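Read left to right, the sequence shown gives residues 6 to 432 (this note's numbering).
Beta carbons are placed, not taken as given, at the ideal position from N, Cα and C, and that holds for glycine.
These numbers were taken from a predicted model, which means no experiment stands behind them.
First the structure, in the form of structure tokens, and then the observations on it.
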Amino acid sequence: MKLIRLATLVLPCALLFANSACVIHSEGGFAFAQGRELAERHETLPLDLAAGETLRVELLYGDISVRVAEGEAPHVDAHWHANADDKKTAEAVLARYKLELLRGAGSLSVRSVGEALEVKSGLGTNRLAAGVDLTLVVPSKVSLEARTSSGDLSAAGALAFCKLDSSYGDLAARGIRGDTKLATSSGAVDVEDIEAQSLEVESQYGDLRANHVKAATLRLTTSSGSVNARNLAGDLIVKSSYGDLSIENSSGAVEAATSSGDISFSSQSAARRKLVTSYGDISASVGGGELEARTSSGDVKIECSDGSVNAESNYGDVSIRGRLSCVQAATSSGSMSVQASAGSTAAAPWRLFTNYGDVSLGLPGDFSCELSASAKSGEIASDFTGESDKRHTTLKSTLGSGGNAVEVKSGSGDVSIKRGAGSDRKI
Numbered sequence: 006m007k008l009i010r011l012a013t014l015v016l017p018c019a020l021l022f023a024n025s026a027c028v029i030h031s032e033g034g035f036a037f038a039q040g041r042e043l044a045e046r047h048e049t050l051p052l053d054l055a056a057g058e059t060l061r062v063e064l065l066y067g068d069i070s071v072r073v074a075e076g077e078a079p080h081v082d083a084h085w086h087a088n089a090d091d092k093k094t095a096e097a098v099l100a101r102y103k104l105e106l107l108r109g110a111g112s113l114s115v116r117s118v119g120e121a122l123e124v125k126s127g128l129g130t131n132r133l134a135a136g137v138d139l140t141l142v143v144p145s146k147v148s149l150e151a152r153t154s155s156g157d158l159s160a161a162g163a164l165a166f167c168k169l170d171s172s173y174g175d176l177a178a179r180g181i182r183g184d185t186k187l188a189t190s191s192g193a194v195d196v197e198d199i200e201a202q203s204l205e206v207e208s209q210y211g212d213l214r215a216n217h218v219k220a221a222t223l224r225l226t227t228s229s230g231s232v233n234a235r236n237l238a239g240d241l242i243v244k245s246s247y248g249d250l251s252i253e254n255s256s257g258a259v260e261a262a263t264s265s266g267d268i269s270f271s272s273q274s275a276a277r278r279k280l281v282t283s284y285g286d287i288s289a290s291v292g293g294g295e296l297e298a299r300t301s302s303g304d305v306k307i308e309c310s311d312g313s314v315n316a317e318s319n320y321g322d323v324s325i326r327g328r329l330s331c332v333q334a335a336t337s338s339g340s341m342s343v344q345a346s347a348g349s350t351a352a353a354p355w356r357l358f359t360n361y362g363d364v365s366l367g368l369p370g371d372f373s374c375e376l377s378a379s380a381k382s383g384e385i386a387s388d389f390t391g392e393s394d395k396r397h398t399t400l401k402s403t404l405g406s407g408g409n410a411v412e413v414k415s416g417s418g419d420v421s422i423k424r425g426a427g428s429d430r431k432i
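Listed below in structure tokens is the structure:
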């Protein structure tokens, strides 16, 4: 961080905690300009901090990095920096600031204290403040709360709890072994190797990345940014207003939604998944369980090794392939292809419908159901015999031993129903 030249308007940064803790507080305000000359100072202070205690850190301007290191004495390394039009003034600004350590009951606070230097200029009076970047080394099982208004935050190691908050900066957490909460107004967030009851990650404007996370509940939210999540264990909620979602190998229930963006999902475990986008394509490869995929405008492509599928697009094609137990599929304007592989059953009623488009259905030879098909403005071609009207626009047939209904409809388009052939073809 560099020294900031501040206008006469000063916005003090107040830190309020229930208990005393390791807090870093820096006075500052509106960034007006930066001087040409830089003054720097490095210092290292010991931290009176033990496992099971709480460390709290706050800065107005500066980066905060915390890491767990067993066998290494807890300490904080501070890199101070100040800018001014000349070296002497920059050093004078730097001399006004220092770190203050405050002990509380089971907690430690570190904060920077000092007063900005007022300097006269042709534009009036400016206030020059120093910035500081901190690197803290702590024991394992410490609980961490860290905040900076402008700067990056990172934490690594077996912390018992981790909360990182930045108004303008990137966040990263790795190796945490407790509940983890990360929030930034503008910045990317990266988490990896987390084990906790809950993980909450949020950015207003930034991409999110999560890899190798195990938690009962996981929530990843960004207003404008993409989400990339891999190797997750636990129930997952992913939301973005404007961004693509990519999720791979998530073993729990999933709810993923974006207002504008594509969704890519892949996992072979059995669970319930709901994928929703207003404007974008959905591509999913799943194992057992239930899958719901909906887009207002875009294509839907699904491969399912064993389970039920509910897929819908208002404007786009729908393609479904795999060993299926139930299919509910609809598109207002687009073609539809459902290819059921060997072992598929009508464990519940199937319904395939498009207003404007052709429908292709492939069924294994031993499939059992009560089949009905209609093509209001088109023709039906079927490998299965049954009752049909003279214009071949309707069909009714009992397949195998009968059972639940399989209903196929096209408002404007042809219907093709094949036995075996093509049912295992890749989409």
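If you check the beta carbons only, do residue i and residue j fall under 7 Å apart?
i, j, result
"serine 330", "alanine 352", "yes"
"leucine 241", "leucine 213", "no"
"proline 354", "asparagine 409", "yes"
"alanine 44", "alanine 87", "yes"
"valine 343", "leucine 366", "yes"
"alanine 386", "leucine 357", "no"
"serine 245", "threonine 227", "yes"
"isoleucine 268", "alanine 261", "yes"
"valine 218", "leucine 225", "no"
"valine 73", "alanine 163", "yes"
"aspartate 388", "arginine 424", "yes"
"glutamate 308", "glycine 327", "yes"
Hey, quick one: how far does the alpha helix (DSSP H) through residue i stretch, first residue to last?
i, result
"threonine 94", "92 to 100"
Going by other Cβ atoms of all chains shown within 10 Å of its Cβ, with 16 needed for buried, is residue i buried or exposed?
i, result
"alanine 110", "exposed"
"alanine 378", "buried"
"serine 415", "buried"
"glutamate 120", "exposed"
"leucine 139", "buried"
"proline 79", "buried"
"isoleucine 29", "With a pLDDT of only 33 at isoleucine 29, under the threshold of 50, the placement of this residue in the model should not be trusted; the figure read from the coordinates follows. Classification for isoleucine 29: buried."
"isoleucine 422", "buried"
"alanine 380", "buried"
"valine 420", "buried"
"valine 413", "buried"
"threonine 49", "exposed"
"glutamate 32", "Per-residue confidence for glutamate 32 stands at a pLDDT of 36, beneath the threshold of 50, marking its modelled position as unreliable; the derived number appears in the next sentence. Buried."
"arginine 132", "buried"
"threonine 153", "buried"
"leucine 128", "exposed"
If residue i sits next to residue j, beta carbons under 8 Å apart, how far is it from one beta carbon to the other, in whole angstroms?
i, j, result
"serine 171", "threonine 59", "The pair is not a contact, with the Cβ atoms about 19 Å apart (cut-off 8 Å)."
"glycine 418", "valine 364", "7 Å"
"lysine 103", "valine 115", "About 11 Å; that fails the 8 Å criterion."
"tryptophan 85", "leucine 106", "Their Cβ separation, rounded to whole angstroms, is 16 Å, which puts tryptophan 85 and leucine 106 out of contact at 8 Å."
"valine 71", "valine 124", "So it is not a contact: roughly 34 Å between Cβ atoms."
"aspartate 175", "alanine 160", "Not quite, the Cβ-Cβ distance comes to about 13 Å (not below 8 Å), so this is no contact."
"lysine 168", "glutamate 197", "About 17 Å; that fails the 8 Å criterion."
"alanine 95", "glycine 40", "6 Å"
"arginine 182", "alanine 135", "Between alanine 135 and arginine 182 the Cβ distance is about 35 Å, and since that is not below 8 Å, they are no contact."
Under DSSP, the beta strand (DSSP E) around residue i begins and ends at which residues?
i, result
"serine 365", "364 to 368"
"proline 51", "42 to 51"
"serine 382", "Segment: none, serine 382 is in no beta strand (DSSP E) and carries neither H nor E."
"serine 349", "Looking at the DSSP string, serine 349 is not in any beta strand (DSSP E), and its letter there is neither H nor E."
"glutamate 200", "194 to 210"
"leucine 113", "112 to 118"
"threonine 222", "213 to 229"
"threonine 140", "136 to 143"
"glutamine 333", "323 to 338"
"leucine 149", "148 to 155"
"phenylalanine 270", "268 to 272"
"leucine 128", "Neither: leucine 128 is in no beta strand (DSSP E) and is coded neither H nor E."
"threonine 300", "294 to 302"
Is residue i a contact residue of the ligand MN, with contact defined as CB to any heavy atom under 6 Å?
i, result
"phenylalanine 372", "Because no ligand of any kind appears in the structure shown, any question about the ligand MN cannot be addressed here."
(message) So, does the region 206 to 214 touch the region 183 to 192, judging by three or more C-beta pairs under 8 Å?
(response) Between the region 206 to 214 and the region 183 to 192 there are three or more inter-stretch CB-CB distances shorter than 8 Å, so the stretches are counted as touching.
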